[in-house]
Each structure stands twice: as structure tokens, then as C-alpha cells.
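**Q** As they're listed, the protein sequences go chains A and B. For the first sequence, the residue numbers in my numbering are 1 to 633. For the second sequence, the residue numbers in my numbering are 1001 to 1633. Take a look at this one; I'll ask things after.
Number of protein chains: 2
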Amino acid sequence: MSPQGMPPIISSMTTSLRSTLDFLLYDWLRAASLTARPRFADHSRETFDAVLDTCERIAREKYAPFNRTVDTQEPRFDGEKVILPQCTHDARQAYADSGMLGAAQDYELGGMQLPYVVESAANSFFACASISIGSNLLTTGNANAILVHGTPMQQRVFAANEFNGRWAGTMCLSEPQAGSSLSDIATRAEPDGAGFEADPLGPRYRLRGNKMWISAGDHELTENIVHLVLAKIPGPDGKPVPGVKGISLFIVPKKLVDTEGKLTGERNDVALAGLNHKLGWRGTTNTLLNFGEGRYPVRAGQGGGLDGRGAGAIGYLVGKPGEGLKCMFHMMNEARISIGMAATMLGLAGYYASLDYARTRLQGRPIGSGGKDASSPQVRLIEHADVKRMLLAQKSYGEGALALNLYCARLVDEGRTGDAGAAADARLLLEVLTPIAKSWPSEFCLEANSLAIQIHGGYGYTRDFPVEQYWRDNRLNMIHEGTHGIQAADLLGRKVVMQGGAGLQLLARTVAVTIAKARQRPGLAAWAGQLEQALRDVIDATRAAWATGNAGEALANAVPYMQAFGHVVLAWMWLDVADSVLAKDASLSIAASVGRMGAARYFFHYELPKTGAWLAVVCTRDATCADMAEDAF
Amino acid sequence: MSPQGMPPIISSMTTSLRSTLDFLLYDWLRAASLTARPRFADHSRETFDAVLDTCERIAREKYAPFNRTVDTQEPRFDGEKVILPQCTHDARQAYADSGMLGAAQDYELGGMQLPYVVESAANSFFACASISIGSNLLTTGNANAILVHGTPMQQRVFAANEFNGRWAGTMCLSEPQAGSSLSDIATRAEPDGAGFEADPLGPRYRLRGNKMWISAGDHELTENIVHLVLAKIPGPDGKPVPGVKGISLFIVPKKLVDTEGKLTGERNDVALAGLNHKLGWRGTTNTLLNFGEGRYPVRAGQGGGLDGRGAGAIGYLVGKPGEGLKCMFHMMNEARISIGMAATMLGLAGYYASLDYARTRLQGRPIGSGGKDASSPQVRLIEHADVKRMLLAQKSYGEGALALNLYCARLVDEGRTGDAGAAADARLLLEVLTPIAKSWPSEFCLEANSLAIQIHGGYGYTRDFPVEQYWRDNRLNMIHEGTHGIQAADLLGRKVVMQGGAGLQLLARTVAVTIAKARQRPGLAAWAGQLEQALRDVIDATRAAWATGNAGEALANAVPYMQAFGHVVLAWMWLDVADSVLAKDASLSIAASVGRMGAARYFFHYELPKTGAWLAVVCTRDATCADMAEDAF
């Protein structure tokens, strides 16, 4: 048993995370008002709370106690099957039993018609307790993509069996030679014989190729695994169409199924070629999969088809040929927000752990208190200003990122259930914010985890305390589902300039509403002015970056631009949250209000001023990096 | 065999590290001119180069190939002995055989009388190849402390046998309940009987207590281990004297020895109580040691002494009673500079690894080149501006930190062999720079390692590439030998205010020399002006922090102060290096000159502007963190 035991993080989860979620959901985002909408009419704050209670309990019982277990008992492959610790099976089962896989879905699909913002809040307990157990995140995203782009039969056979927990889902985009560069994928899909189009599960193809970095790509947690695979259908000349235009999307089940969703007993030709051995996030397998290499040869399709065996893995086309990336982007955007939430919750998990540690560990005496006299007893870490600084930074990063991610989730609900104008605005705003929702927590909640280690001193560097694992787990989030560089190019190269800059203008108008509101609130005017200036600086930098119209010049400093943009968005979140705090508790009579105001103040005093340095190189289109000669490194 | 193999890092070490060291040592710091001094008169650039050649070769052959081995084959204790992989024994032996343990020592001690700056440069090869193999760093520091504070007999018996490689050394300060707070140590030392003062090895005491975080605290790499231990001698009332005044320093050998340095065959009562299981740096044991618990009872001392056994571990006083911390600080200061160098070399190791990867890995097409056409071949990572940015940041951090550490090493030489005035100045300047030399690389070369992971994409998150290990190894450096918070309090609370601010004034005068020189150099005037302003800002912030004379207020933001101070010091280093580059190669005719100017430019454009945000909270003595109520977190 490691010294940290389980109580600390759970006690903080119970006291802090839940109360933070309650405040953000109900006081700030007014989630209860969603029940006035037809889709959510059967719900009430009570039903929302019941979901939160259930998830908190399952996370406490089935996830948190096993977070170190899944780190030390890394997945292994015995040649036949992937071995995961029993706790992973139990956690997955408890999650599926809770109904959370289909929480946001229609009643007809067995769902709860829960608002996405409540679903996100509820899922945050699992992410905080153990980010890497299981494979639920991608299963829901996968099934959602099939719901949107698949045929009714595909929805019934595949999506429904993912939502109900029978099967899991994956997202197979990258290949060993094509990570960020999806246009270069080489997996081929060829029609499976003459009658290939007539298969009731969808036009039937044979796929051959290798897919890398596939999370939950193989395991025995579920009866079957539904792979969503990007592949290229050869053109009339027999060659794959270059670029993204040639990419199509396919459902490739690990085990073949019939139209009733029953396993046919035949294995599809999807073979595990290797497990990646990672720095962290070890509760989920990460795999290299071979499609159609002949390891599990599949007999010729019923529709006529190929002679003999081993001609490829069976896959069913989803949507139209050549539109695979468009279909997949639906899933990727959801995944990006989920990654932001994962990073956020790891940040908060470290915060809670280091807060508990700082509250109990005795060390040293406060500076300037006259207490340097060594005969006085040592004080607790939390009594030192520098420790408070490290705690407040974590709170500011983690709770700020949580606010942003819940705000984005609320936009998803607005985009789905708001009136036409509001829905369109919500979708546009979400487009602009997605790169920030993904990248900002990945970077700054990782920094939060480093501060959590620092507070623990030498103990934080040992595997006896949970914080080093949070830091390792969190390092993944700047990489997967689009690296930092990809997010930055998406933001500055596409999101803020698309539709003549409509997204950026909408963001500016939305931030301006917060600024105007805060100006009227005693105590917030200075921050409102600070945010107004920072927003103007970002808009000016956007213009300056694109002043020459040369994308190479504009995007050379896209990452510093994204860092500054993210800090402005977070300052906006904190100002809006602070306004809600004061609206509810103007005299700061409760400790939580003091805490939220302190975290907001920290952000405005310590963080927002950093944007100047980041934007300076954007404004000047600084070419120091871009012009560096290769042989000079 | 992992994909990274050994060639990449070694090829970069050979081409880049050696050429960087040559430039910094000879062109910039003019190390060859030291041979004009009597102590180094037998040396020449050729003998210096021979040492560098030897160390580079041993690092390549005995260290680099085994860096992953020591990470995966963590030290373990079989109940009797600590088991380390064979490669660790081989590396230690090769290092000892090279004579580097005593490189800087007098000829009479078997040393080479090498300048410390050359010794540091030579040792950097080992740190780059595998930071954690062996235990050499502390052995040299331990022996140096005995040389300065020990009796001739202690020097001959203990220090000499550490320099010659027979024995290793440790530094036993921290205890489980007293990490940063040394005044709270509880280990007791009591005189070993009536004749205790007459022991030829030094006044003989019996020690009882527990020491935590002891690096290389137990192993079988050497015949014996010389522990330098801080403990308290009880006062007349039988109680330990409170505070640091009660602390004394003792030599406590693992195995007892006679005055000839031969093992007596008797074990001292120092028992391994546990190995810490760490996030990284796994090639060196980190231990909890019990002194005098009775596991290896020692018979009563020859000088009379105690009845029976188990009354404590035998220790010999070094220096005077109550001056232990003063004696140990000598060792700690050296250790702090070594930690800075360790962090630096990990940063550079990641830089070289990611540079090699970026030069070969194909991925995507450059933005704005018209090459978005997917039918064009993919380009190498290094052709992307954002990848160049991440490489240049690493180069700027790593080579800048190397310059700083070598500059500090050169100050050590000046302090030892310069004329009286120069020597005093060098020692004072070193006092001010030590917290920066330790903290800045720990923070920013860790960030460099994170960028090295990022460049590798998903592969960087796997244990098949070396970069994730560098990042884990480097995380220790902000913690050991005085945490970031301790360094910051030392800098702002002591170093810049001591002697009426004489240290800070000396630093300002020294930086001003560089600024004046750079103003005359075409192309450097703007950076000179930028540095002048930044230096003025730091001085102003120092004054503002202390304006109320309240240490609590002044030091509440000591860490942001140290970050800004560090960036100013690094900008100074880069400006001075840039001046040397242009002095030698004004037309930038060689690629390395272009590279150094690029890294300097990166620092002035992207990094130095960050100081504004850090200093703002210092200048206002911002109390956001210090005033935060505990229950509000």
C-alpha cells in the first residue's frame, strides 16, 4: 500500500470537485434552465444530481483505488490476447452499467437524453480518479460518428451496441508513416467483389494497411471492437487518390457480425501487431494494428467477391466515398474537447493531492514571521507563501480549464437544442474555441502537475505518491488528437480567418458582453479593462500576422499566438466566473467564493501579463525560427 | 534494441557538444590562458583536449549505451546487498580509471591540477550520455569538503581514497521529517567514551538517527562508502541545541578503517532502511539510511568508550562542533552548480536526440510553400517552422545554460588562482550566480526536454525513444540540493542584499562590461539596450521588493523574481557569447556561428520579454498568494 492511500484524493474530490462542478454547472452556466427545452423536459436538477452522485460513487469505488495498479500492471500481449488487470474489467463494467456510454443519446437508443454539459461534468469524476482505465471516451465518439454519418442499419448494429456497452469503439487514423499528416495514409480499401454495394451493413470493402497509435485497439474488455478506419479507395487508375480527397471512412469490426448484431463466429482480419510502451496513460492499450495482412483470413463475401482468403479485412463504408475525413472530423472535435477535459482533470487531481499534502506536512517556518527561531514548532507547508503560490496557480489553471471545457460542452447543447440563431452562433464559437479547449489544459494543467510534484518535494519524485503519475499521464495530451502545432495552425490558419473572420468577431462580441457586465460589478472593473486590452492585442496580432497574406509568415509563430489566445480566453472565463461569484455572494461570505476570487486574481495578476511576450513575435512575424538554416542547429 | 540505437546521440555529441564546448572554453572563456598561471603551468590546450577526448570516448563507450538499461533495471536490495546492473560497475570503473575523480586536485594527491572549468566541461560528456550512472558527483564534492575542513589524517585516509576511486562518498543532510528545513534534523551524535577526542581519525562520536534522500547511500560499486553526516551534539542539558547552531559534521564510513586506510573488517552501524522508487534518475540509488539502530553493532571504541554494542554508528567530527552546516555548504554550493550542469546536459541530450529525429523523419508539407499539394513528397520535420522553433528554443536553453555553468566554473578557478582582488570578486559573483546556475537549467532545460518529446510526436511518448527518460530524469533537478523555492529565497533573501547589495552591484558592473562591448559591435546594439533595460528592471524590482523591509512581503514572490533574474543572466550570457561569435567570425561564414547567433536572437526575441510579467508581481509585492486563506483553496 502506498503512503498516499486513497482517502486524500477522494476526500478532495468529494469536497472540492463536486462543489466546483455544482457552482460552475448551476450558478454559472445555469444548466438547470436547460430542462425548459423539450429534449430535456423529463429532467430536473434532481436527475442531474443523481447522475453526478452515481458517477462520483463509481469513480471513487472502481476507478480511484486502481489508478496506480493500471500504471504498474501495463497491458501485455500473450500472443493471443491482451491481458489487462481485473480492475480494468470491473471499472469498464461499472461504467457501462451506469448508462453513461449513451447518456446524451435519445431515449429510443437507450440513452438518457442528458445535456452534454451534464454528461461532461459527470464524466469528469472518472477522469479525475483514473484517466486511463478503460476505453470509454472513444467508444462514445465512435458511436456518435456512426449516428451522424451511418445508415440506420449501421446505427442499429454498431452504434447501439457501443452505447449499451456490449462493444467498444476506436478511431483508426494515423499510420506509422503518417501521424499528423493524414493526407499521406496508405491503407487501401477495395470493393469486395461484384455485389459489394449490396451488403446490408453497408458497401463492403477489403482493407489492407497498418494503423498506429490506436488507443484501445485491442483488449478483452468487450465482446467486440468496432474500428472506425480511414482508408483510400483506389481511383480508376488503380492508384489511391492523393490528398485528403481520396480518404473514406469504414466500419471494421474486430469480429464479424450479422444484421442482428450477433457475432458470426468469424474473426475479421484485424491483427494486433504490437503494444506501444508508453510514458504514462498505461491503463489503456495503445496499439499498432495490421488490417488484412492475412493473420485471420476472412472467406469471400456472400455477395460474390474474391476468391480465396487473406485478401483484406472486411470494412463497411460509412457516408460517401472521399468524405471520410469530414465524417471523422465530427469525432475528432468531440475527442479534442474530451482531451482538454482529461488534461484538466489530471491537473485538478494533482491539485487536490498536493493540497492535502500541504495541509498536513510539517516543514520549516514562515519567512518574516519572526518564527525563524528554530525552537518554535515547524509549520505546515500550506503556511508558506511560495507553497500557496503553487497551489493557487494549480487552482487557477485547473478550475479555469474546467470552466472552459464546461462552457464548450454547454455550447454543444446550445448548438443542438438552441433556437436557430443561437445554435448557429454556438457552433461557430465552438469551432473557434476547440483548439484552445484542447491545447490550453494540455499545456497548463501539465504545468500544474509539475507544481504538484514540487510541493511534495523529494516525495513527489517517488512513485509512492500519485503526482508523478499525473504528470506522466498528462504529457500525452499535447500530442494526441492533434499536436499543439496542429491546433495552433488550425486556430490561426483557419478558425480565426474563416468566413471573413466571423468566428473571431463572434468571440470578441461574446467576450465584450462579459466585459460590459463586469464593469458594472464593484471590484471587477480593473480586470475588465485588462481583458479588453488583451483581447484587442490578440485581434491586432491576428491582423498583423496575416498582414502580408503569406501563410508561411503568418503561421511561423502560431504556437505563441495560441498560447496568448488561450490566456485571453481563460481570463475571460475567470472574469465571467468572478462575476457569477459576486452575483451570488457579494460579501464573499463563504470560503469557496474567496477561493474563486483568489484564483481569478492570480490569473489576472500573474498570468494574463504573459501574453505580451507571446504576441510580440506574432505581430512582427518574427522569422528567427523559420529562417534558421538547418545546418546551423 | 530500441529504435533510437546509440548512433544519433553520439553523433550529435561528437559533432555538436564537442564543438560547442570548444567554442565556449577556448574562444569565449579563453581557458587556454589559464596555463599562464603557476598552478596550471604544466598544462596546455593539448592536455586539456586530451582530457576531453578521453571523457568523450568513455562516455560514448561506457555510459551512453546503458542509459536505458539503468532506467529499466532499477536498483534493488536483496536484504544484504544493493544490486545494480553490471554496466554501472563498468562505468564507475572506467570513470575512476580515467582519473577524473581527482582531476582538479594537487599532484601530491594524485590529481591532475586541471582547471575546474576544464573538469566541468569534461564531465559534461558523462552527464549527457547518462546522468544517473554511478555516484561520482557527490564523491568529488565530499572529498573536497574533507580537504577544506578535515584534518591532514582525514584528508589522507578519506579524501585521498575517494579521489583515487577506491571509495565513494555521500552527503547526508535531509531526514524524513526535515527536508528543506535543516535546522530540524534530529540525528544525535554523542562522544564515544572518555577518550573520544584522541582518536587519530578525529574526535569519535556515536551517531543515531535516520537520513532520507541519500543519493548513492548504499551500493557495491566501491570497497567502502564515506558518509558525510550532519548531526547534533547534545548541549550540557543533554538536549540537542535548537536551530542550525547545533549542527556538526561527521565522517561516518560504511566500513570501519584504520589510519592507513585499510578496512578493519568490521562493519559500521549504517543500515540501508529502504530504496526510494523514483520517477527517473534510476541509475543511482536513493536511500533511507539508519545510523546506529543496532543492525550492525560496533564494539566499544579503543579509546575506552561505551559498554556493549549497538550504541550508535561511529563518526569522526570534521571541523568544529556547531559548524557543520558551514562546512557542508562548501559541498552544497559545488553540488548546486553540478545540478545545474546535470540539468543542462539532459537538456542538450534531448536537443540532440530531437534534432537527429527532425532531420530524418518525414511528415507533412511546409505551410505556405505551395506544397500543400499532397502529391508532392512529404518533407522532413526540420523543414517546418514550428519544429525549428522547438529546436531553437532547446538550443537557446541548453547552450545558454552550458555557457552559464562554464562561466561559473571559470569563476571557481578565478576564485582559487586569480590575484586577490579578482579572486574576491569571482567568489562574490559566484555566490550571487549559484542559485541561478542551479535553478535556471532545472526549469528551462526541463522545458527543453518537453519540447524534445513534442518534436517526436507519439513516438516521443514511448519508451522506444530516449527523450521521455531525459524529461523524467530532469524533473529531479528542481527538487534536490535545495528546491526552487529555497534557491529563490537564497537569491532574493540573501544573495542580492548581503554586504549592502555588493553582490548585485558587482553583477551589474560585470553585465555592464558586456553591454558596453556589445554596443560597439555591429548588430548587437539593440540587444545590448534590451539587456540594459532588463537589468535595470531587475534592480528596481529588488529595491521594490524590499521597500517595506518586511521579509514576508519581499519574498512572497521570490520564485517569479528568480525566474526573471535568471532570464536576465541568460540574456547576458547570450550577448557575451554573441559578441565572441562576431569577434571571431563577423561575416558568419561558418554554420555554427549562424546557429549561435540564431539561438541568441531567439533568446532576445522570444524569452527576455517574459521578464516583465514575472517582475510585475515582485514590484507590487503582490499578496494574492500570501494572503490566500487556507480554507479558500
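Ideal Cβ placement from N, Cα and C applies to all residues, glycine included.
In the stretch 1498-1518 of chain B, which residues sit with their C-beta less than 8 angstroms from some C-beta in chain A, listed in chain order?
**A** Against chain A - using a Cβ distance shorter than 8 angstroms - the stretch 1498-1518 of chain B contributes no residues.
**Q** Find out if the Cβ-Cβ distance for the pair A:I367, B:A1551 is shorter than 8 angstroms.
**A** Result yes, Cβ atoms of A:I367 and B:A1551 sit closer than 8 angstroms.
**Q** What number of angstroms, rounded off, separates the C-alpha of A:P240 from the C-alpha of A:I233?
**A** Their backbone Cα atoms lie some 6 angstroms apart in a straight line.
**Q** What's the call for B:Q1394, buried or exposed, on a 16-neighbour Cβ count within 10 Å?
**A** Answer is buried; the Cβ neighbour count reaches 16.
**Q** Rank B:A1544, B:K1610, B:A1547 by C-alpha distance to the C-alpha of B:L1531 and give the top, closest one.
**A** Nearest C-alpha to B:L1531: B:K1610.
**Q** Below 8 angstroms on the Cβ atoms is my guess for A:A94 versus A:I58; work out the distance and round it to an integer in Å.
**A** Confirmed, Cβ separation roughly 5 angstroms.
**Q** Strictly below 8 angstroms CB to CB, what residues from chain D border B:Q1086?
**A** Among the protein chains of the structure shown, namely A and B, there is no chain D.
**Q** In chain A, which residues lie less than 8 angstroms from B:L1017 when you measure between Cβ atoms?
**A** Within chain A, no residue comes near B:L1017; the closest Cβ sits about 13 angstroms away, beyond 8 angstroms.
**Q** For the alpha helix (DSSP H) containing B:T1620, list its first residue and its last residue.
**A** Segment: none, B:T1620 is in no alpha helix (DSSP H) and carries neither H nor E.
**Q** If you follow the beta strand (DSSP E) that B:A1231 is part of, which residue opens it and which one closes it?
**A** Counting along the chain, the beta strand (DSSP E) containing B:A1231 begins and ends at 1224-1232.
**Q** Any Cβ of chain B within less than 8 angstroms of the Cβ of A:G458?
**A** Taking Cβ atoms only, chain B reaches closer than 8 angstroms to A:G458, which makes this a yes.
**Q** Counting only C-beta atoms, is A:G181 closer than 8 angstroms to chain B at any point?
**A** In the sequence as displayed, the identity of residue 181 of chain A is Ser instead of Gly. Yes, A:S181 lies at the interface with chain B (some Cβ there is under 8 angstroms from its Cβ).
**Q** Beta carbon of B:M1345, beta carbon of B:I1131: below 8 angstroms?
**A** Contact flag set, yes.
**Q** Can you tell me the Cβ-Cβ gap for A:S124 and A:L21, rounded? I've got them flagged as a contact below 8 angstroms.
**A** The Cβ separation is near 7 angstroms, so the contact holds.
**Q** Between the C-alpha atoms of A:S19 and B:E1119, what's the straight-line distance to the nearest angstrom?
**A** Going by the C-alpha atoms only, they are around 57 angstroms apart.
**Q** A:E399: buried (16+ other C-beta within 10 angstroms of its C-beta) or exposed?
**A** So A:E399 ends up on the buried side.
**Q** Looking at the unbroken alpha helix (DSSP H) that takes in B:I1339, where does it start and where does it end?
**A** That run of the alpha helix (DSSP H) goes 1324-1360.
**Q** Can you tell which of B:G1265, B:A1189, B:K1388, B:A1401 has its C-alpha closest to the C-alpha of B:V1318?
**A** For B:V1318, the nearest C-alpha among the options comes from B:A1189.
**Q** Starting from A:E468, trace the alpha helix (DSSP H) both ways and give me its first and last residue.
**A** Segment 467-474, the alpha helix (DSSP H) holding A:E468.
**Q** Report buried or exposed for B:S1215, applying the criterion of at least 16 other Cβ atoms within 10 angstroms of its Cβ.
**A** Flag for B:S1215 reads buried.
**Q** Run through chain B and tell me which residues come within less than 7 angstroms of A:Q378, C-beta to C-beta.
**A** Within 7 angstroms Cβ-Cβ: S1181, D1184.
**Q** I need the DSSP call for A:M498, collapsed to helix, strand or coil.
**A** Three-state result, A:M498: helix.
**Q** Which same chain residues end up closer than 6 angstroms to B:V1568 when comparing Cβ atoms and leaving out the 5 residues on each side of it in sequence?
**A** Once the five neighbours on either side are set aside, the close Cβ partners of B:V1568 are A1534, L1535, V1538.
**Q** Run the CB neighbour count on A:V618, radius 10 Å, all protein chains shown included, and call it buried at 16 or more, exposed below.
**A** Buried.
**Q** Closest Cβ-Cβ distance between B:K1395 and chain A: below 8 angstroms?
**A** Chain A, which has a Cβ nearer than 8 angstroms to the Cβ of B:K1395, makes this yes.
**Q** Please give me, in chain order, every unbroken run of the alpha helix (DSSP H) with length at least 4 that falls completely inside the stretch 23-110 of chain A.
**A** As far as the stretch 23-110 of chain A is concerned, its whole alpha helix (DSSP H) runs of at least 4 residues are 45-58, 67-72, 86-98.
**Q** Within the same chain, show all residues whose beta-carbon is closer than 7 angstroms to that of A:V581, passing over the 5 residues directly before and after it, in chain order.
**A** Within the same chain, A:V581 has close Cβ partners S593, R596, M597.
**Q** For B:H1484, which residues of its own chain have a beta-carbon under 8 angstroms away from its beta-carbon, when the five flanking residues on both sides are left out?
**A** Same-chain partners within the cutoff: S1439, S1442, E1443, M1478, V1559, M1562.
**Q** So, do the stretch 1351-1363 of chain B and the stretch 1257-1270 of chain B have three or more beta carbon pairs nearer to each other than 8 angstroms?
**A** Touching, no.
**Q** Note down the Cα distance separating B:T1548 from B:T1170, rounded to an integer number of angstroms.
**A** Computed Cα separation, rounded: 42 angstroms.
**Q** Any residues in the stretch 461-479 of chain A with a beta carbon nearer than 8 angstroms to a beta carbon of chain B? Which ones, in chain order?
**A** The residues in question are Y461, T462, R463, D464, E468, W471, R472, R475, L476, M478, I479.
**Q** Name the DSSP bridge partner or partners of A:V117?
**A** None; A:V117 has no bridge partner.
**Q** Find out if the Cβ-Cβ distance for the pair B:V1270, B:L1288 is shorter than 8 angstroms.
**A** Going by C-beta atoms, B:V1270 is not nearer than 8 angstroms to B:L1288.
**Q** Specify, as a first and last residue, the run of the alpha helix (DSSP H) that B:G1485 falls within.
**A** Note, B:G1485: alpha helix (DSSP H), 1484-1490.
**Q** Based on the DSSP output, what are the partners of B:F1291 in its beta bridges?
**A** Bridge partners of B:F1291: B:G1209, B:V1270.
**Q** Tell me the DSSP secondary structure of B:S1580 in three-state form.
**A** Here B:S1580 sits in helix by DSSP.
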